[in-house]
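The next block holds one structure in the form of structure tokens; read it before the comments.
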Amino acid sequence: MQEKSKVLDKEALNRSLTRVAHEILEKNRGTKDLCIIGIRNRGVYLAERLAAAIKKIDNEEVPVGALDITLYRDDLTSIAYQPVVRKTEIGFDITDKTVVLVDDVLYTGRTVRAALDELIDFGRPRSIQLAVLVDRGHRELPIRADYAGKNIPTSQSETVEVRLEETDGVDEVVIVEKE
Amino acid sequence: MVWARKDLLGLEELSKEEIELILSTTESFKEVSSREIKKVPALRGKTVVNLFYEPSTRTRVSFEVAAKRLSADVINIATETSSVKKGETLIDTGKNIQALNADIIVMRHNYSGAAVVLARNLDISVVNAGDGWHEHPTQALLDMYTLQEKLGSLKDLKVSIVGDIAHSRVARSNIWGLTKLGAKVTVCAPPVLIPPAVEEMGVRVTSDIDDALRNADAVNVLRMQFERDGQDAFPKQLGYFQNYGITQERLKKAKKDIIVMHPGPLNRGIEIASDVADGANSVILEQVTNGIAVRMAVLFLVAQARDKANETTH
């Protein structure tokens with residue numbers, strides 16, 4: 001893996017998240033019936049940051065949940081590593097709520113497909129919106145993001161790595177070339 | 001840590017890390033049973049066959065519920081009503097089930113080592129649901145999970161196992177698992193129910209119930225097994241309840257918050273008093289709930305390991 005370029009540094013990443021927080025509030029006209037659910041692992045930390053940004057802007061608490069999609073994957077046997085099954089934690093009822101689903105990178109759309117299946121097993125939200133930090137293209141399913149921190153055109157030989165303080169000790173997004 | 005075994009046959013062969021992986025995976029599966037829709041598609045398209053050579057309701061139902069919550073299809077075979085009665089051997093039965101393209105056999109058998117024999121002869125996964133006096137790994141795992149959930153860590157925990165140690169696969173699996181994770185295990189029974197050389201498994205042995213309960217963080221009360229030696233007068237002859245039964249009276253001398261476990265089914269008034277089984281220290285029904293999560297974790301891990309193995313060979 002060779003690091004090619006840094007596309008977001010700490011300041012740019014935070015600015016993107018603040019902008020997405022504003023867009024979420026604008027589109028939904030505030031925080032009424034709003035909740036944010038992050039996809040493990042990094043999506044959960046991004047969800048918490050978006051909730052914090054919303055609180056800063058509107059002074060309203062938005063409930064945050066965590067979704068582990070391992071048991072809903074369609075590629076359990078074909079991925080190279082063995083995924084660790086972690087816990088889904090949604091401590092509130094999502095029925096009739098507007099759910100903002102959060103992930104770090106939107107790529108093929110298969111993770112989001114699994115997340116949608118799982119969410120719907122939890123209840124019947126009024127709507128589900130998708131927020132991602134990076135949209136890198138190459139979709140294999142008819143899925144799009146409602147909010148994107150940054151659109152980054154990539155080739156399929158590249159990988160987009162989102163690194164966050166909480167998991168990696170640093171806030172940045174880099175493009176690396178697969179060997 | 002990667003789980004690479006297609007089978008779960010016992011805890012003796014597992015490393016500390018493998019046991020910890022099952023227990024941490026269990027944590028995630030427990031949440032699934034608390035959902036309104038208690039089902040995930042992880043084993044969709046897989047077939048699980050429950051093959052039971054011994055009567056069992058709770059273990060079979062627990063495995064069945066676990067498999068169904070993972071979206072697997074489940075077939076139950078009780079051997080009293082099958083071709084085993086016509087003389088089919090264990091391996092032939094296994095190969096026939098494999099020929100049906102089943103993915104996992106969950107087997108209960110009255111002979112020690114039956115699960116190992118079956119696993120060696122089949123490509124599909126085998127999960128041991130109890131073999132003779134040998135092992136009952138998922139029962140021990142759910143006991144360990146329940147303890148961990150209550151007390152945080154198993155390290156240096158004092159656990160006493162009371163009852164028919166000699167004939168108990170539950171005791172054996174618990175001893176293997178608990179000692180690997182650093183718990184201090186004491187076994188307690190009338191001398192005739194203590195197997196020879198059990199100290200070599202790293203446990204303390206006593207025949208004094210008060211000694212076993214003193215300072216213990218948890219006591220696992222085993223069932224007196226009438227059906228296995230066919231003499232239900234046996235416990236009475238030993239004065240078992242008077243000398244070894246877990247009563248409120250005896251618990252008064254133990255730690256106030258001692259955890260009381262029992263693998264079920266209960267013989268009230270023989271190995272455990274009714275008010276203890278239903279009392280504040282008892283976690284017996286939580287064990288049943290946790291058993292489903294443990295079995296979901298085990299079925300998921302062995303299925304995944306086998307899929308991976310197939311992929312590299314094909």
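Keeping their order, the protein sequence lines are chains A and B. Throughout the first sequence, residue numbering follows my numbering, covering 1 to 179 in sequence. Throughout the second sequence, residue numbering follows my numbering, covering 1 to 314 in sequence. Backbone N, C-alpha and C define an ideal beta-carbon position, used for all residues, glycine too. For clarity, every value in this text was computed on a predicted model and none was experimentally measured.
Out of B:ASP257, B:ASN174, B:VAL298, B:ASN50, which has the shortest C-alpha to C-alpha gap to ASN281 (chain B)?
If you number the second sequence from 1, residue 281 (chain B) lands on position 281. Taking only the C-alpha atoms, the option nearest ASN281 (chain B) is B:ASP257.
Would a check of beta-carbon distances place ALA42 (chain B) closer than 7 Å to chain A?
For the purposes of this step, residue 42 (chain B) is taken as the residue at position 42 of the second sequence. By this cut-off, ALA42 (chain B) is an interface position.
For ARG172 (chain B) versus GLU135 (chain B), is the C-beta distance shorter than 7 Å?
Against the second sequence, residue 172 (chain B) aligns to sequence position 172. Against the second sequence, residue 135 (chain B) aligns to sequence position 135. Yes, these two residues count as a Cβ contact at 7 Å.
I need the straight-line Cα distance from SER112 (chain B) to GLN98 (chain B), nearest angstrom please.
Taking the second sequence and counting its residues from 1, the one referred to as residue 112 (chain B) is at position 112. Taking the second sequence and counting its residues from 1, the one referred to as residue 98 (chain B) is at position 98. The straight-line gap from Cα to Cα measures roughly 22 Å.
Distance, Cα to Cα, ALA21 (chain A) vs GLU172 (chain A)?
Looking up residue 21 (chain A) in the first sequence gives position 21. Looking up residue 172 (chain A) in the first sequence gives position 172. Rounded to whole angstroms, ALA21 (chain A) to GLU172 (chain A) spans 19 Å at the Cα level.
Spatial distance of ILE90 (chain A) from ARG42 (chain A) (CA atoms)
Your numbering for residue 90 (chain A) matches position 90 in the first sequence. Your numbering for residue 42 (chain A) matches position 42 in the first sequence. Distance between the alpha carbons of ILE90 (chain A) and ARG42 (chain A): 16 Å.
Whole-number beta carbon distance between GLY239 (chain B) and ALA273 (chain B), since they are thought to touch under 8 Å
Position 273 of the second sequence holds residue 273 (chain B). Position 239 of the second sequence holds residue 239 (chain B). So it is not a contact: roughly 15 Å between Cβ atoms.
Alpha carbon to alpha carbon, how far is THR70 (chain A) from GLY279 (chain B)? Give it in angstroms, no decimals.
In the second sequence, residue 279 (chain B) corresponds to position 279, counting from 1. In the first sequence, residue 70 (chain A) corresponds to position 70, counting from 1. Rounded to the nearest angstrom, the two C-alpha atoms are 38 Å apart.
Expressed to the nearest angstrom, what Euclidean distance is found between the alpha-carbon atoms of ASN50 (chain B) and LEU23 (chain B)?
Counting from one through the second sequence, the residue named residue 50 (chain B) turns up at place 50. Counting from one through the second sequence, the residue named residue 23 (chain B) turns up at place 23. Going from the Cα of ASN50 (chain B) to the Cα of LEU23 (chain B) covers about 23 Å.
Where does the unbroken beta strand (DSSP E) through GLU200 (chain B) begin, and where does it stop?
Taking the first residue of the second sequence as position 1, residue 200 (chain B) is located at position 200. Segment: none, GLU200 (chain B) is in no beta strand (DSSP E) and carries neither H nor E.
Name, please, each residue of chain A whose Cβ falls closer than 8 Å to the Cβ of ILE37 (chain B).
Here residue 37 (chain B) refers to the residue found at position 37 when the second sequence is read from its first residue. Those within 8 Å of ILE37 (chain B) in chain A are ASP121, PHE122.
For GLY149 (chain A), which three-state DSSP category applies?
In the first sequence, residue 149 (chain A) corresponds to position 149, counting from 1. In this structure, GLY149 (chain A) counts as strand in the three-state DSSP scheme.
Beta-ladder partner(s) of PHE92 (chain A), from DSSP:
Here residue 92 (chain A) refers to the residue found at position 92 when the first sequence is read from its first residue. None; PHE92 (chain A) has no bridge partner.
Give the single residue among B:SER71, B:ALA114, B:ALA67 whose Cα lies nearest to the Cα of ARG295 (chain B).
Numbered from its first residue, the second sequence carries residue 295 (chain B) at position 295. Among B:SER71, B:ALA114, B:ALA67, the Cα nearest to that of ARG295 (chain B) belongs to B:ALA67.
Ordered along the chain, which non-local residues of its own chain (more than five positions away) have a Cβ less than 7 Å from that of GLU199 (chain B)?
Sequence index remark: in the second sequence, residue 199 (chain B) carries index 199 (1-based). Closer than 7 Å at Cβ, skipping near neighbours: VAL205.
Helix, strand or coil for MET319 (chain B), going by three-state DSSP, please let me know.
What the structure shows of chain B is the stretch from 1 to 314, and residue 319 (chain B) is not part of that stretch, so it cannot be assessed.
Own chain residues within Cβ distance below 6 Å of GLN304 (chain B), not counting five before or after
Within the second sequence, the letter at position 304 stands for residue 304 (chain B). Taken in chain order, the list of residues that qualify is empty.
Quick one: what's got a C-beta closer than 6 Å to GLU54 (chain B)'s C-beta in the same chain, skipping five residues either side?
Sequence index remark: in the second sequence, residue 54 (chain B) carries index 54 (1-based). Counting only Cβ-Cβ distances below 6 Å, and skipping sequence neighbours, we find ARG108, ASN110.
Interface flag, LEU116 (chain A) vs chain B, CB-CB below 7 Å:
The residue labelled residue 116 (chain A) in the question sits at position 116 within the first sequence. No, no contact with chain B.
Is ASN121 (chain B) helix, strand or coil when you go by DSSP?
One-based indexing of the second sequence puts residue 121 (chain B) at position 121. Helix, per DSSP.
Give every residue of the same chain whose Cβ lies closer than 7 Å to the Cβ of ARG73 (chain A), excluding the five residues on either side of it in the sequence, and list them in chain order.
Numbered from its first residue, the first sequence carries residue 73 (chain A) at position 73. Counting only Cβ-Cβ distances below 7 Å, and skipping sequence neighbours, we find ALA114.
Please identify the residue among A:ARG110, A:ILE94, A:TYR45 whose C-alpha is closest to the C-alpha of ALA145 (chain A).
Within the first sequence, residue 145 (chain A) is the residue found at index 145, counting from 1. Selected option, being the one with the closest Cα: A:ARG110.
Suppose contacts are defined by Cβ-Cβ distances below 7 Å. Is GLY177 (chain B) in contact with ILE77 (chain B) by that definition?
What you label residue 177 (chain B) is simply residue 177 of the second sequence in a count that begins at 1. What you label residue 77 (chain B) is simply residue 77 of the second sequence in a count that begins at 1. Contact: no.
Which word fits ALA52 (chain A), buried or exposed, when buried means at least 16 other C-beta atoms lie within 10 angstroms of its C-beta?
Counted from its first residue, the first sequence places residue 52 (chain A) at position 52. Counting Cβ neighbours within 10 Å, ALA52 (chain A) comes out exposed, since fewer than 16 surround it.
Less than 7 Å between CB atoms is the rule here; does ARG86 (chain A) satisfy it with respect to chain B?
Here residue 86 (chain A) is taken as the residue at index 86 of the first sequence, counted from 1. Output row for ARG86 (chain A): interface = yes.
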